[in-house]
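Undergrad: Quick one: the structure is below, questions incoming.
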Amino acid sequence: VRIVPGEATEVITAVDRNSTDAGGTVNATCEVFDAYGNRVEDAEPTLSVTPSSDGTTIEDLSATLTEAGIYDFGCALDGATTTPQRVEVTPTLPAALVVAKVPDQPVYGIGQVIEVVSIVTDQYGNEVVDAEVGYVSNPAAGMTIGSSRFRYFADGTYVVTVTVAPPTEGDVVLSEDVEIIVNGNGPQIQCDNPADGQMIDVAPGGTLNFQGTVDDTSGVDSVTVNGAAATLDGSGSFSIPVTVEFGINFLDIVATDSFGEESSRTCAFLASDRWAPPGDVLDDTVALSLAQGAIDDGDPAGDIDSLNDMLFRVVNSDGLRNTLHTTMLANNPLKNSCDQTVFGVCVMRSRIRYLDSAFPGPNTTSLTLVDGGLAANVRLENVRLRVRADGQISGIPFDTTGWVTFSYVDIDLIFDAGLSSGRPTLTVRPGSVNVDSGNVSSSFSGLDGAIVNIVIDLFQGSVRGLIENTLTTFVEDNFDALLDGVVGSLDISSLGSTFTVPRLDGAGTIDLNFGVGFSSLSPTSSRLLFGIGTRFSGPTNIGRPTLGVAIPHGGTAPLLDDPTLSGSNTAGVSIHLALFNQVLHALWRGGLLEATIDSSTLGGDSPDGLTAVVSGALPPVATMNGEGEVELGIGTLAMQLTYPGIFDDPIFVVLGARASTDVALSGNDITFGTITVTDLYFSAEGVSLDMSTRETLERFFTSLVQSIVDGALNDALPALPIPSFTLPASVADFGLVPGSELGITSPALTTERPHFVLRGGFGDI
């Protein structure tokens with residue numbers, strides 16, 4: 003007797019290393035076992051690496067990774083569980099350097115603290131946080147604080163040289179110069195704490211004591227911040243308590259000297275009490291919820307618009323009959339023995355052989371949400387087996403065929419929902435499989451009642467068990483593989499793994515990588531909720547420091563939304579606003595706000611000849627107001643502005659703005675409508691502007707802000723990240739089309755702060 007392994011239930015994953023430098027290759031091995039620990043030799047698992055990334059290339063059971071981070075390696079096989087192996091990818095040698103000044107000003111005052119910051123990356127764009135960097139000022143600074151903060155006590159032009167110590171990639175010299183101009187007549191108004199362009203970790207609604215300094219040879223009489231009087235001391239320092247809002251906070255500072263002359267300055271800082279590391283997966287930014295109607299809509303014979311519709315096709319396929327047919331033939335003869343003896347002589351002998359089977363039905367399936375997973379039921383009505391009975395009674399032969407019918411076979415089982423190796427899985431719950439079969443009847447012509455009884459007894463006994471086990475195994479294996487394969491295919495393919503975003507001035511594009519990682523799977527008796535994490539990464543073209551991606555409406559509230567579903571809305575997708583801030587932060591680091599803008603770029607009524615060299619100190623930050631509108635804060639933008647005939651030499655302007663826009667749904671994509679600039683702040687350092695020039699600049703700045711907001715929202719995310727299921731190749735056996743996608747259909751959009759929520763049906767998309 004040869005015992006063969008059963009269906010695969012567990013895959014053991016091993017890797018040849020648990021850490022590698024970016025660009026390295028990790029090799030995995032997979033061992034597959036059945037429920038009894040027997041090795042399954044002919045299984046063909048595939049390698050799954052999560053989170054997904056355009057920087058990951060998988061070939062067979064090997065993966066080459068270029069993005070630094072923590073990855074889970076798992077051998078994936080439909081219907082089998084696996085425990086992933088964790089692999090850390092670390093940056094390689096330094097290959098690029100970007101630097102910046104904090105604060106970033108064209109001119110600095112005597113004694114002002116100036117920090118020079120740097121970001122070092124490897125050849126793949128990963129930040130090398132432990133790179134050894136040196137900072138040297140020439141001429142020397144009057145005071146050096148730490149290694150990279152400088153104070154200068156004399157007017158002049160200073161150059162700070164930033165150099166990365168070897169070894170570097172290709173032994174290249176990585177060095178950048180930063181020019182610092184110090185002038186005793188530097189900025190009249192200085193934002194000190196928080197500094198202009200600073201990120202701070204403060205809860206929205208909290209209060210901070212804003213501090214600054216003002217310098218005026220005529221003496222300072224008063225200072226106001228956002229219209230409120232600040233406390234001013236004799237040295238020119240001022241302070242005022244400020245209530246913090248999430249996102250970009252603007253400080254409009256006006257100083258009045260003893261002659262009544264005013265000077266102004268706009269500063270901005272970014273506040274949040276919750277941050278996400280840039281480039282990392284942010285868990286639960288996207289949620290997919292399936293209500294009972296998406297699990298089983300009660301109409302399995304129609305289009306595929308629930309998971310149960312696929313199970314219905316399984317039990318009504320030829321596979322069910324073929325499996326039973328093969329098993330029964332392999333067990334022929336079902337009986338071949340003496341039934342009665344007289345004085346040791348066999349007077350009645352019978353042989354019973356299986357010939358064929360039929361499932362006239364109706365064959366029905368149901369799939370129901372339960373706590374922890376899905377409960378499946380299969381009911382096969384009128385299971386018929388054609389058999390041949392031959393033998394002899396008292397020397398008289400008989401040979402006839404007929405049908406044996408089970409009134410029904412009923413199979414129940416529960417699938418546990420969870421995450422395995424970073425992917426959603428549905429696996430049969432141990433001990434949950436139950437089978438029951440109904441009465442047995444027969445239809446034979448010309449058979450003696452005693453022979454009929456032998457047939458009935460046989461099918462009520464051992465053959466009943468054989469049939470129940472065969473049908474149960476078929477249902478268990480095929481349902482398990484199908485459901486697990488479909489659920490495990492969940493992905494966000496609408497964005498692709500890479501996409502490009504136009505630069506603000508049209509000079510090229512910024513390439514972003516998009517990746518997902520599954521963070522949670524929560525099944526209850528009312529819905530199946532998937533939590534999906536997202537990450538966006540791109541080039542590092544600016545060297546400004548960052549606390550990370552600001553999470554709107556943060557605190558300790560979970561990011562994962564659980565949208566309510568009712569009626570025909572059987573599927574829901576919820577997208578946290580933090581996802582947009584992930585994109586905006588990646589674009590900011592890629593240089594979205596580093597641009598040269600003129601009237602030809604903006605169009606409209608922008609004045610001819612006006613040119614601005616723009617640099618953004620902070621990433622644009624999105625939030626959502628109580629009316630469901632999206633608000634975007636931009637600030638501060640430092641500009642070198644040229645306007646022939648008005649100021650031929652560049653002037654330094656600081657701009658901050660807040661804009662709002664409504665949202666709508668176009669197909670499956672969010673579109674942002676009319677952009678309204680609700681707040682506009684700007685100040686020109688050391689320049690007095692007449693009313694006509696100020697109005698001209700306001701029009702230009704308004705057009706600029708509208709262009710930034712339009713590009714940041716409508717261009718930054720070319721498609722809405724909507725999850726969908728892809729049918730695996732195995733569904734072809736049941737008349738389904740491999741590669742077809744199932745997901746939300748005919749969605750309607752609502753904004754439910756801080757989420758965008760789509761509700762609709764479920765089916766083929």
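With the sequence shown counted from 1, adding 2 to any position gets you this note's numbering.
Each residue gets a CB set at the ideal place from its N, CA and C atoms; glycine is no exception.
1) For Thr209, collect the residues of the same chain with a Cβ closer than 8 Å to its Cβ; drop the 5 residues on either side in sequence, then sort them by chain order.
2) According to DSSP, simplified to helix, strand and coil, what is Asp203?
3) Hey, out of Ser149, Pro652, Gln87, whose CA is closest to Gly76's CA?
4) Helix, strand or coil for Leu719 per DSSP?
5) Extract the residue ranges of the beta strand (DSSP E) inside the segment 366 to 428, only unbroken runs of 3 or more that lie entirely within it.
6) May I ask which residues mark the beginning and end of the alpha helix (DSSP H) holding Asn583?
7) Go through its chain and collect everything with a Cβ distance to Val430's Cβ below 7 Å, but skip five positions before and after it.
8) Which whole-angstrom value describes the C-beta separation of Ser150 and Val119, a residue pair presumed to lie in contact below a C-beta threshold of 8 Å?
9) Is the beta carbon of Val632 sitting closer than 8 Å to the one on Ser662?
10) For my contact list, Pro565 and Val759 are in at a C-beta cut-off of 8 Å; report their separation, rounded to the angstrom.
11) Excluding sequence positions up to five away, which residues of its chain have a Cβ less than 6 Å from the Cβ of Thr27?
12) Sorted by chain position, which residues of the same chain lie with C-beta nearer than 7 Å to Thr68's C-beta, five sequence neighbours on each side aside?
13) Suppose you measure from the CA of Phe764 to the CA of Leu722; what does that come to, to the nearest Å?
14) If you count every other CB in all the chains shown that lies within 10 Å of the CB of Ser527, and 16 or more means buried, which is it?
15) Rounded to whole angstroms, what's the CA-CA distance from Tyr38 to Gly8? Just pull it up for me.
16) Residues in the same chain with beta-carbon distance under 8 Å from Asp712, minus the five sequence neighbours each way, listed in chain order, please.
17) List in chain order: all unbroken alpha helix (DSSP H) runs of 4+ residues lying wholly within the segment 461 to 504.
18) So is Cys348 buried or exposed if we call it buried at 16+ other beta carbons inside 10 Å?
19) Measuring alpha carbon to alpha carbon, tell me which residue in Ala273, Tyr645, Pro541, Asp438 is nearest Ile599.
20) Any idea which residues DSSP pairs Gln213 with across the strands?
21) Between the beta-carbon of Asp194 and the beta-carbon of Gly221, is there less than 8 Å?
22) Shortest alpha-carbon distance to Val101 belongs to which of Gly71, Ser694, Asn40, Glu181?
23) Cβ atoms of Phe446 and Ala391: under 8 Å apart, would you say?
24) From Glu263 to Ala257, what does the alpha carbon distance come to, in whole angstroms?
25) Quick one: which unbroken beta strand (DSSP E) runs of 3-plus residues sit fully inside the segment 232 to 292? Chain order, please.
26) Rounding to the nearest angstrom, what Cα-Cα distance links Ala30 and Ala78 in this structure?
27) Could you tell me which of Pro547, Ser602, Val489, Arg386 sits nearest to Ile297, measuring between CA atoms?
28) Which residue or residues does DSSP assign as beta-bridge partners of Asp564?
29) Along the alpha helix (DSSP H) that carries Phe703, what are the first and last residues, could you check?
30) Return the CA-CA distance between Ile577 and Asp282, expressed in angstroms with no decimal places.
31) In this structure, how does DSSP classify His555 when only helix, strand and coil are distinguished?
32) Report the option in Thr146, Thr548, Ala666 whose CA atom is closest to the CA atom of Asp203.
33) Closer than 6 Å by C-beta to Val13: which residues in its own chain qualify, once you throw out the five before and the five after it? Chain order, please.
34) Using only CA atoms, which one of Ser368, Ile395, Ser690 lies nearest to Thr343?
35) Measuring alpha carbon to alpha carbon, tell me which residue in Thr22, Val122, Ala97, Val17 is nearest Arg591.
36) Is there contact here, the segment 371 to 381 with the segment 507 to 527, by at least three beta-carbon pairs under 8 Å?
TA: Reading off the structure:
1) Along the sequence shown, one-based indexing puts residue 209 at 207. Within the same chain, Cβ atoms closer than 8 Å to the Cβ of Thr209 are found at Pro243, Val244, Thr245, Val246, the five residues on either side in sequence being excluded.
2) Walking along the sequence shown from the start, residue 203 turns up at place 201. Asp203 falls in the strand class under three-state DSSP.
3) Translated into the one-based positions of the sequence shown, residue 76 becomes position 74. Checked all of Ser149, Pro652, Gln87; the closest Cα to Gly76 is Gln87.
4) Here residue 719 is taken as the residue at index 717 of the sequence shown, counted from 1. In the three-state reduction of the DSSP assignment, Leu719 falls in the coil class, being assigned neither a helical nor a strand state.
5) Along the segment 366 to 428, the beta strand (DSSP E) occurs as fully enclosed runs of 3 or more residues at 375 to 395, 398 to 422, listed in sequence order.
6) Residue mapping note: residue 583 aligns to position 581 of the sequence shown, counting from 1. First-last of the alpha helix (DSSP H) with Asn583: 580 to 591.
7) Indexing the sequence shown from 1 puts residue 430 at position 428. Within the same chain, Val430 has close Cβ partners Leu415, Phe417, Glu478, Asp482.
8) Mapped onto the sequence shown, residue 150 falls at position 148. Mapped onto the sequence shown, residue 119 falls at position 117. At roughly 7 Å, the Cβ-Cβ gap stays under 8 Å, so Ser150 and Val119 are in contact.
9) Position 630 of the sequence shown holds residue 632. Position 660 of the sequence shown holds residue 662. Going by C-beta atoms, Val632 is nearer than 8 Å to Ser662.
10) Against the sequence shown, residue 565 aligns to sequence position 563. Against the sequence shown, residue 759 aligns to sequence position 757. Between Pro565 and Val759 a beta carbon distance of about 5 Å is seen, short of the 8 Å cut, so the two are scored as contacting.
11) If you number the sequence shown from 1, residue 27 lands on position 25. If we look at Thr27 and ignore the five residues flanking it on each side, its Cβ neighbours are Ser64, Thr66.
12) Taking the first residue of the sequence shown as 1, we reach residue 68 at position 66. Here Thr68 has Ala24, Gly25, Gly57, Tyr126 as same chain residues with Cβ atoms under 7 Å from its own Cβ, once five neighbours each way along the sequence are excluded.
13) Counting from 1 along the sequence shown, the entry for residue 764 is found at position 762. Counting from 1 along the sequence shown, the entry for residue 722 is found at position 720. Across the structure, Phe764 and Leu722 are spaced so that their CA atoms are roughly 17 Å apart.
14) Mapped onto the sequence shown, residue 527 falls at position 525. With a 10 Å radius around the Cβ and a threshold of 16 neighbouring Cβ atoms, Ser527 comes out exposed.
15) Here the question's residue 38 lines up with position 36 in the sequence shown. Here the question's residue 8 lines up with position 6 in the sequence shown. Distance between the alpha carbons of Tyr38 and Gly8: 8 Å.
16) Residue mapping note: residue 712 aligns to position 710 of the sequence shown, counting from 1. Within the same chain, Asp712 has close Cβ partners Phe674, Ile677.
17) Fully enclosed alpha helix (DSSP H) runs of 4 or longer: 464 to 490.
18) The residue given as residue 348 occupies position 346 in the sequence shown. Counting Cβ neighbours within 10 Å, Cys348 comes out exposed, since fewer than 16 surround it.
19) As a position in the sequence shown, residue 599 is number 597, starting the count at 1. Minimum Cα distance to Ile599 is reached at Tyr645.
20) Counted from its first residue, the sequence shown places residue 213 at position 211. Answer by DSSP bridge pairing, in chain order: Asn195, Ser241.
21) On the sequence shown, position 192 is the one that residue 194 refers to. On the sequence shown, position 219 is the one that residue 221 refers to. The Cβ atoms of Asp194 and Gly221 do not sit closer than 8 Å to each other.
22) Here residue 101 refers to the residue found at position 99 of the sequence shown. The residue with the shortest Cα to Cα distance from Val101 is Glu181.
23) For the purposes of this step, residue 391 is taken as the residue at position 389 of the sequence shown. For the purposes of this step, residue 446 is taken as the residue at position 444 of the sequence shown. Yes, Cβ-Cβ distance for Ala391 and Phe446 is below 8 Å.
24) As a working note, residue 263 is residue 261 in the sequence shown. As a working note, residue 257 is residue 255 in the sequence shown. Rounded to whole angstroms, Glu263 to Ala257 spans 8 Å at the Cα level.
25) Taking only runs of at least 3 residues, the beta strand (DSSP E) segments lying wholly in the segment 232 to 292 are 239 to 245, 249 to 259, 264 to 274.
26) Here residue 30 refers to the residue found at position 28 when the sequence shown is read from its first residue. Here residue 78 refers to the residue found at position 76 when the sequence shown is read from its first residue. For Ala30 and Ala78, the distance between alpha carbons rounds to 12 Å.
27) Against the sequence shown, residue 297 aligns to sequence position 295. Comparing Cα-Cα distances from Ile297 to each of Pro547, Ser602, Val489, Arg386, the minimum goes to Val489.
28) Taking the sequence shown and counting its residues from 1, the one referred to as residue 564 is at position 562. Paired residue(s): none; Asp564 is not in a bridge.
29) As a first step, residue 703 must be located in the sequence shown, where it is residue number 701. Here the alpha helix (DSSP H) through Phe703 covers 693 to 712.
30) Within the sequence shown, the letter at position 575 stands for residue 577. Within the sequence shown, the letter at position 280 stands for residue 282. Near 17 Å, if we compare the C-alpha coordinates of Asp282 and Ile577.
31) Counting from one through the sequence shown, the residue named residue 555 turns up at place 553. Coil.
32) As a first step, residue 203 is located in the sequence shown; it is residue number 201 there, counting from the start. Minimum Cα distance to Asp203 is reached at Thr548.
33) Translated into positions along the sequence shown, residue 13 becomes position 11. Cβ within range, chain order: Cys32, Val34, Pro47, Cys77, Leu79, Ala82, Thr84.
34) Position 341 of the sequence shown, counted from the first residue, corresponds to residue 343. For the residues Ser368, Ile395, Ser690, the minimum Cα distance to Thr343 belongs to Ile395.
35) Indexing the sequence shown from 1 puts residue 591 at position 589. For Arg591, the closest alpha carbon among the candidates Thr22, Val122, Ala97, Val17 is that of Val122.
36) The segment 371 to 381 is in contact with the segment 507 to 527.
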